[in-house]
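To start, the structure itself, in structure tokens.
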Amino acid sequence: MTRDEAWALVCEWIQNPNLRKHLLASEAAMRAYARTFGEDEETWGTIGLLHDLDYERCPSQEAGHPFVGVEELRRRGVPEPWTRAILSHADYSGVTRESRLEKTLYAVDELVGFITAVAYVRPNRSLAEVDVGAVRKKMKDKAFARGVNREDVVKGAEGLGVPLDEHIGFVLAALQGIAPDLGL
């Protein structure tokens, strides 16, 4: 599946502009890590773009996320390493994260959402106003972005073997690179 085909599928399945932006942010972070790790940027980016394909229709484990999306992707012939990575980003899926791809998807998923939330509360709603310190400060505020599991953010960095501040800075830089696409 090409990136363009993946984006068309995202647009077919997802109407919420914020969820689409989350997927674009995930794609950017995955591409950046692929570049750093010497992996295929197209593959990694497309997996980031597709990982929450079913989230609007199935926003919970009980509703079928990410299983419904994975079934659709399998039906469309997406390779098993892609679907395995998507399954592994949900702790409850029973698929353990083994590959660098799987660990990276897990590591960026919650963090891109959190960084975006931090940007939304800045005076100009801009990623340019966000730095690692601002993200770390907001992580301590349990009332802020309650839906983001801070333990998952920390576990994600640990799984990559990257210090948390370095991981935050790396993902932030990736998002700043597509800030206009995110409206931030």
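Using numbering that gives the first Met the number 0, the first residue of the sequence shown is number 0, and each one after it goes up by one. Glycine included, C-beta positions come from ideal geometry on N, C-alpha and C.
For N17, the uninterrupted alpha helix (DSSP H) run begins and ends at 16-36, by DSSP.
Here DSSP, grouped into helix, strand and coil, assigns T95 to coil. Inter-segment contact for the segment 47-59 and the segment 9-22 is present: three or more beta-carbon pairs are separated by less than 8 Å. The alpha helix (DSSP H) runs of length 4 or more contained entirely in the segment 96-174 are, from start to end of the chain, 99-119, 131-139, 149-159.
In this structure, DSSP gives A89 a state outside helix and strand, which the three-state scheme calls coil. Taking C-alpha positions only, A142 is separated from P80 by approximately 36 Å. Counting along the chain, A62 sits inside no alpha helix (DSSP H), nor does DSSP assign it H or E at all. In this structure, Y32 sits away from T82, with a CB-CB distance that is not shorter than 7 Å. V117 sits away from S25, with the two beta carbons spaced by 7 Å or more.
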